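Participant:
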Amino acid sequence: MVLVIAEKNDAAKQIARLLSESGRPENDKVYDTPVYRFRRGGDDWVAVGLRGHILAPDFPRELHYADGEGWFAVDEDGEVLAADVPDTLPRPPFDGGLKKDGTPKKPRKPYLPDGIDIKGWKVPSLPYLVWAPVEKKPAEKGIIRALKNLAKKADEVVIATDFDREGELIGSDALSQVRMVNPDVPVTRARYSAYTKAEIDHAFDNLVELDQDLADAGESRQYIDLIWGAALTRYLTMARYGGFGNVRSAGRVQTPTLALVVERERERQAFVPEDYWVIQGMGEKDGEEFRISHAKGRFWKAEEAEEAFAAVKGATEGTVCAVTRKSRTSKPPAPFNTTSLQAAAAAEGLAPGRTMRLAESLYMDGLISYPRVDNTVYPSSLDLAATAKALRKVPAYAPVVDQILSGGPVKATRGKQETTDHPPIYPTAPADPDKLEPAAWKLYNLVARRFLATLMGPAVIEGTKVEIDVAGQPFLASGDVLKTKGYRAIYPYGLKKDEQLPAMAEGDAVAVRDVACEAKQTEPPARYSQGRLIQEMERRGLGTKSTRASIIDRLFQVKYLKNNPVEPSQLGMAIIDALDRFAPTITTPEMTSTLEDDMTRVSEGATSEAAVVDRSRALLAGMMDDLIEHTDDLGEAIADAVTADARVGACPKCGKDLVLKNSAKTRSRFIGCMGWPDCDVTYPVPGRNTDKIEPLEEPCPECGAPRLKVWPFRSKPYEQCVNPVCPTNREPDVVVGTCPVCAEAGRHGDLVAHKSEKTGKRFIRCTNYDECGVSYPLPQRGKLSATGETCPHCGAPVVEVETDRGPWRICVNMDCPGKEKRGKGAPRGRARTARKRS
DNA sequence: GCAAGGTC
1 MVLVIAEKND AAKQIARLLS ESGRPENDKV YDTPVYRFRR GGDDWVAVGL RGHILAPDFP
61 RELHYADGEG WFAVDEDGEV LAADVPDTLP RPPFDGGLKK DGTPKKPRKP YLPDGIDIKG
121 WKVPSLPYLV WAPVEKKPAE KGIIRALKNL AKKADEVVIA TDFDREGELI GSDALSQVRM
181 VNPDVPVTRA RYSAYTKAEI DHAFDNLVEL DQDLADAGES RQYIDLIWGA ALTRYLTMAR
241 YGGFGNVRSA GRVQTPTLAL VVERERERQA FVPEDYWVIQ GMGEKDGEEF RISHAKGRFW
301 KAEEAEEAFA AVKGATEGTV CAVTRKSRTS KPPAPFNTTS LQAAAAAEGL APGRTMRLAE
361 SLYMDGLISY PRVDNTVYPS SLDLAATAKA LRKVPAYAPV VDQILSGGPV KATRGKQETT
421 DHPPIYPTAP ADPDKLEPAA WKLYNLVARR FLATLMGPAV IEGTKVEIDV AGQPFLASGD
481 VLKTKGYRAI YPYGLKKDEQ LPAMAEGDAV AVRDVACEAK QTEPPARYSQ GRLIQEMERR
541 GLGTKSTRAS IIDRLFQVKY LKNNPVEPSQ LGMAIIDALD RFAPTITTPE MTSTLEDDMT
601 RVSEGATSEA AVVDRSRALL AGMMDDLIEH TDDLGEAIAD AVTADARVGA CPKCGKDLVL
661 KNSAKTRSRF IGCMGWPDCD VTYPVPGRNT DKIEPLEEPC PECGAPRLKV WPFRSKPYEQ
721 CVNPVCPTNR EPDVVVGTCP VCAEAGRHGD LVAHKSEKTG KRFIRCTNYD ECGVSYPLPQ
781 RGKLSATGET CPHCGAPVVE VETDRGPWRI CVNMDCPGKE KRGKGAPRGR ARTARKRS
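Take the first sequence: its position 728, counted from the start at 1, is 728 in UniProt numbering, and no numbers get skipped.
1. With distances taken Cα to Cα, identify the nearest neighbour of L19 among A146, L126, R179, Y192.
2. For E265, which residues in the same chain have their Cβ closer than 6 Å to its Cβ, ignoring the five residues on either side in sequence?
3. Roughly how many whole angstroms lie between the Cα atoms of F163 and A270?
4. If you measure between the beta carbons of R248 and I575, is that distance less than 9 Å?
5. Going by the CB atoms, is the gap between L147 and V178 shorter than 9 Å?
6. Looking at H202 and A139, is the spacing between their C-beta atoms short of 9 Å?
7. Applying the 10 Å Cβ sphere with the 16-neighbour rule, what's the burial state of E274?
8. Taking C-alpha atoms, which residue in A753, L482, V373, V261 lies nearest to N563?
9. Using three-state DSSP, classify V648 as helix, strand or coil.
10. When you compare each of A549, V46, E538, T255 to Q14 by their alpha carbons, which one comes out closest?
11. Taking 9 Å as the threshold (C-beta atoms), are G486 and residue 856 in contact?
12. For K313, collect the residues of the same chain with a Cβ closer than 7 Å to its Cβ; drop the 5 residues on either side in sequence, then sort them by chain order.
13. What residue does the alpha helix (DSSP H) around M623 start on, and which one ends it?
14. Can you name the residues that DSSP bridges to N27?
15. For a test of the three-state rule: what should DSSP assign to F309, helix, strand or coil?
16. Which residue comes first and which comes last in the alpha helix (DSSP H) that contains T594?
17. So what's G97 in DSSP terms, helix, strand or just coil?
18. What is the DSSP secondary structure of M456, counted as helix, strand or coil?
19. Who are the Cβ neighbours of R414 in its own chain at under 6 Å, not counting the five residues just before and after it?
20. What did DSSP end up calling F451 once you bin it into helix, strand or coil?
21. Output needed for S593: all residues of its chain with C-beta closer than 7 Å, excluding positions within five of it in sequence on either side, in chain order.
22. When burial is assigned at 16 or more other CB atoms within 10 Å of the CB, is N375 buried or exposed?
23. Starting from L391, follow the alpha helix (DSSP H) in both directions and report where the run begins and ends.
24. Just confirm the distance between the C-beta atoms of K545 and V373, as a whole number of angstroms; I'd bet it's less than 8 Å.
25. Please classify H294 as buried or exposed, where buried requires at least 16 other C-beta atoms within 10 Å of its C-beta.
26. Cα separation between K442 and L362?
27. Between the stretch 694-706 and the stretch 721-739, do at least 3 Cβ pairs fall closer than 8 Å?
28. Can you find the residues in the same chain that come closer than 6 Å, C-beta to C-beta, to L452, ignoring five residues on each side of it along the sequence?
29. Please look up how many angstroms separate the CB atoms of L571 and I638, rounded, as I've assumed it's under 8 Å.
30. Could you say if the stretch 206-219 and the stretch 167-174 meet the contact criterion of at least three C-beta pairs nearer than 8 Å?
31. Quick check: the Cα distance between A359 and A346, rounded to an integer number of angstroms?
32. For D598, which residues in the same chain have their Cβ closer than 6 Å to its Cβ, ignoring the five residues on either side in sequence?
33. Below 8 Å on the Cβ atoms is my guess for L634 versus A578; work out the distance and round it to an integer in Å.
34. Per the DSSP calculation, I693 is bridged to which residue(s)?
35. For E694, count neighbouring Cβ atoms within 10 angstroms of its own Cβ and tell me buried if that reaches 16, exposed if not.
36. Give the secondary structure of R19 by DSSP, where H, G and I count as helix, E and B as strand, and everything else as coil.
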């Protein structure tokens with residue numbers, strides 16, 4: 001049996017289909033892993049797909065020094081006896097030494113000194129972590145099990161993973177697993193770069209050997225990424241530990257990406273706005289209005305602007321002195337690859353991470369092609385006309401599809417990047433908008449329209465420029481009209497609205513009004529949108545098509561970034577400052593380019609994986625020394641930044657910072673004073689726990705407490721003072737019913753919902769409270785109104801509360817027999833739902 | 001509790 005190992009299930013399926021003589025391989029499963037069996041050249045074949053990397057590098061659980069190979073040999077006093085790396089590089093402590101014959105001793109003791117444990121995240125262990133050995137551990141146990149099962153029975157193995165560096169590594173890792181159960185089986189490598197019969201046949205007729213140097217190059221990347229990432233992440237996290245869930249990460253790609261955003265923010269902060277003036281007004285001809293602006297555009301001197309404005313102030317008429325028309329064409333766009341899809345989707349409000357998750361599910365549903373590609377040129381094997389024709393089933397596309405199919409042979413645009421790994425992203429089947437969730441449809445629609453647009457002609461836009469003399473001053477009006485729709489008939493994304501001008505000719509008089517001189521200021525460079533950031537990462541060689549979106553997500557998750565367009569937090573800026581000072585290598589894209597060079601040399605056999613990794617460890621070791629020396633400084637800077645990010649304002653009582661805190665007990669957030677325990681000021685956070693909030697600059701004019709802007713999920717934001725007893729938070733009292741106790745006693749008492757001036761809490765109390773003692777608690781959130789109804793179970797009033805999910809009617813009596821038992825003693829959360837189910 | 005790279 002011949003075993004074919006592909007990188008992913010989909011590839012295995014394709015390869016099996018193309019290699020099998022029948023064209024229809026048999027679908028089978030080994031344990032839970034799908035495999036494809038077929039006949040070829042009189043042999044039984046089986047193809048299995050991996051799931052990318054099946055092994056993951058990690059530090060050993062028990063860290064002993066296995067042998068001294070490639071490492072340092074040191075005597076009892078720590079003197080270096082022998083080393084594989086140059087003297088100029090920093091050295092780790094080492095336990096081992098040399099035997100008399102010069103070979104390294106097997107250490108008897110663990111590598112780490114007493115009290116040092118790299119399993120725990122402690123700063124003193126970091127110099128050891130930098131030099132710790134790395135192991136490859138199984139990451140995809142199910143796949144490995146299936147692979148070994150098949151390998152046992154294999155007479156021949158063909159590695160058919162993707163034709164790139166990571167593919168070679170994935171294949172090499174798979175081979176290591178094969179060898180464990182079948183050490184002598186012959187192994188070859190198939191190299192293909194398209195799933196076409198010709199390409200796959202050619203690859204399997206010309207099998208080569210696995211390129212171990214190339215795989216080693218990939219593995220050195222894995223090791224360096226892990227070692228730097230783990231050491232720096234642990235350092236930053238532990239320099240001032242912020243408690244569970246407060247990991248401060250760093251890495252070869254994420255840190256330079258964060259640095260890009262921080263750099264832009266610093267440019268914005270350093271930006272000095274310049275004053276300028278514009279003179280604008282409205283023109284009118286034949287009842288149609290249009291905007292006119294002074295031909296000079298921006299006046300940089302106030303006097304010049306004033307002079308020009310003095311001439312035209314109050315003008316009511318102008319004369320057309322020239323009309324020029326210029327047509328320009330807008331070419332249809334190139335086919336989508338991952339980056340251009342992410343950028344286009346980001347402009348439509350889908351963040352890259354979300355785009356990739358949606359794309360993955362559309363791909364799995366068979367609606368779009370493989371979403372991780374660099375290629376922007378459709379392969380000749382793709383039947384463009386047939387693909388377009390299939391989209392005719394989507395009513396909105398039908399007219400354009402007909403137009404494309406009736407216009408002679410179908411031709412497509414080509415992008416600049418041409419690779420043959422996968423086709424550009426295109427729709428593989430028509431979709432039904434009613435069967436997809438709105439965001440998935442939005443993305444599908446974008447992909448489908450883009451595909452159709454790439455098959456269409458250019459759009460022609462006619463631009464009109466009209467020069468108008470107003471009281472001796474030159475003014476301009478301009479208009480853009482889409483003359484020939486071309487691809488714009490199906491692809492409206494980013495299209496500017498037509499600005500139609502009325503018909504005008506030289507010498508015409510036009511009415512002019514509302515001419516005004518406006519003072520403006522130049523704007524700082526804009527923040528990155530997520531789409532722009534992705535493109536910038538690609539430009540600088542940071543990350544890959546498959547990782548960029550998730551790396552940005554990670555930066556948001558660790559709270560280095562916030563908002564869209566992307567803004568760094570104080571923490572994000574502090575992290576970059578700290579690393580820039582002591583570990584600058586990690587903050588620039590150069591680490592990636594150096595690594596690329598090193599990997600090229602490893603793949604060419606000019607150097608070894610161990611040498612490259614050790615050099616990198618040595619570089620890190622030096623930086624780690626500097627970092628550790630300044631741990632207190634850095635810890636403080638990070639803690640200050642975290643406080644600044646959490647700050648919502650100043651304490652009206654003691655003047656110290658009021659910050660957002662998380663209560664460990666109630667698992668909810670509140671606002672507390674940094675002066676605690678000397679100052680006891682706390683406030684609840686308005687809105688729900690999950691609502692996005694942002695502090696406002698100005699404190700409350702009534703009570704001096706901070707004010708917040710709150711964005712409730714899927715509804716309009718509002719601004720509110722955090723002090724519940726502030727006059728601005730007062731609510732009118734609402735009479736919700738009559739008191740049943742007073743009624744029985746022959747009195748009249750009104751039950752009134754009102755807000756305590758002390759605690760700010762809302763509750764119901766009888767107007768005769770002193771006599772009857774009747775009060776009820778109330779929900780604290782949502783607008784309250786009386787219903788006039790009483791509860792059928794207990795006679796207490798029923799109120800209506802307006803919540804996010806609409807109005808809700810409740811009996812205000814907590815002990816009402818008609819209510820399910822809640823409160824103390826009643827199970828909560830999951831336990832409660834579980835009980836309900838059972 | 002670490003990275004980045006594959007893929008689900």
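Note that the Cβ used here is the ideal one computed from N, Cα and C, for glycine as well.
Nothing here was measured: the structure is a model prediction, and the numbers come from that model.
Facilitator: If we stick to the structure as given:
1. Residue numbering aside, residue 19 sits at position 19 when the first sequence is read from its first letter. It is Y192.
2. Translated into positions along the first sequence, residue 265 becomes position 265. P568.
3. Position 163 of the first sequence holds residue 163. Position 270 of the first sequence holds residue 270. Answer to the nearest angstrom: the Cα atoms are 46 Å apart.
4. Here residue 248 refers to the residue found at position 248 of the first sequence. Here residue 575 refers to the residue found at position 575 of the first sequence. A contact, by the Cβ cut-off of 9 Å.
5. As a first step, residue 178 is located in the first sequence; it is residue number 178 there, counting from the start. As a first step, residue 147 is located in the first sequence; it is residue number 147 there, counting from the start. Yes, the pair counts as a contact, with Cβ atoms nearer than the cut-off.
6. Indexing the first sequence from 1 puts residue 139 at position 139. Indexing the first sequence from 1 puts residue 202 at position 202. No; because the gap between Cβ atoms is not below 9 Å, this pair is not in contact.
7. Indexing the first sequence from 1 puts residue 274 at position 274. When all chains shown are included, E274 counts as exposed.
8. Taking the first residue of the first sequence as 1, we reach residue 563 at position 563. The shortest C-alpha separation from N563 is found at V261.
9. Within the first sequence, the letter at position 648 stands for residue 648. Strand.
10. By 1-based counting over the first sequence, the position of residue 14 is 14. Of A549, V46, E538, T255, the residue nearest in Cα terms is V46.
11. With the chain running from 1 to 838 in the structure shown, residue 856 is simply not present.
12. In the first sequence, residue 313 corresponds to position 313, counting from 1. Closer than 7 Å at the Cβ level, and outside the excluded window around K313, lie V515.
13. The sequence position of residue 623 within the first sequence is 623, counting from 1. Residues 609-629.
14. Residue mapping note: residue 27 aligns to position 27 of the first sequence, counting from 1. DSSP output for N27 lists Y36 as bridge partner(s).
15. The residue labelled residue 309 in the question sits at position 309 within the first sequence. F309 falls in the helix class under three-state DSSP.
16. Translated into positions along the first sequence, residue 594 becomes position 594. Taken as a continuous stretch (DSSP letters only), the alpha helix (DSSP H) holding T594 covers 590-603.
17. For this step, residue 97 is matched to residue 97 along the first sequence. Low confidence applies to G97: its pLDDT is 46, below 50, so where it sits in the model is not reliable enough to give any reading.
18. The residue given as residue 456 occupies position 456 in the first sequence. If DSSP states are grouped into helix, strand and coil, M456 belongs with coil.
19. Against the first sequence, residue 414 aligns to sequence position 414. Once the five neighbours on either side are set aside, the close Cβ partners of R414 are V377.
20. Walking along the first sequence from the start, residue 451 turns up at place 451. Helix, per DSSP.
21. In the first sequence, the residue the question calls residue 593 occupies position 593. So the qualifying residues of the chain are G541.
22. Here the question's residue 375 lines up with position 375 in the first sequence. Burial call: buried.
23. Along the first sequence, one-based indexing puts residue 391 at 391. Unbroken run through L391: none, as it is neither H nor E.
24. As a first step, residue 545 must be located in the first sequence, where it is residue number 545. As a first step, residue 373 must be located in the first sequence, where it is residue number 373. That pair is a contact at about 7 Å.
25. Mapped onto the first sequence, residue 294 falls at position 294. So H294 counts as buried.
26. Within the first sequence, residue 442 is the residue found at index 442, counting from 1. Within the first sequence, residue 362 is the residue found at index 362, counting from 1. Each residue's alpha carbon lies about 11 Å from the other.
27. Enough Cβ pairs lie closer than 8 Å, so yes.
28. As a position in the first sequence, residue 452 is number 452, starting the count at 1. Excluding positions up to five away in sequence, the list reads V400, I490.
29. Here residue 571 refers to the residue found at position 571 of the first sequence. Here residue 638 refers to the residue found at position 638 of the first sequence. The Cβ separation is near 7 Å, so the contact holds.
30. yes
31. Within the first sequence, numbered from 1, the residue matching residue 359 stands at position 359. Within the first sequence, numbered from 1, the residue matching residue 346 stands at position 346. Those two C-alpha atoms are separated by around 13 Å.
32. Taking the first sequence and counting its residues from 1, one reaches residue 598 at position 598. Same-chain partners within the cutoff: V612.
33. Position 634 of the first sequence, counting from 1, holds the residue named residue 634. Position 578 of the first sequence, counting from 1, holds the residue named residue 578. Between A578 and L634 the Cβ distance is about 5 Å, and since that is below 8 Å, they are a contact.
34. For the purposes of this step, residue 693 is taken as residue 693 along the first sequence, with counting starting at 1. Per DSSP, V710.
35. To locate residue 694, count along the first sequence from 1; it is residue 694. The residue is exposed, with fewer than 16 neighbouring Cβ atoms inside 10 Å.
36. On the first sequence, residue 19 is found 19 positions in, with the first residue counted as 1. Strictly speaking, residue 19 in this sequence is Leu, with Arg absent from that position. Three-state DSSP puts L19 in a helix.
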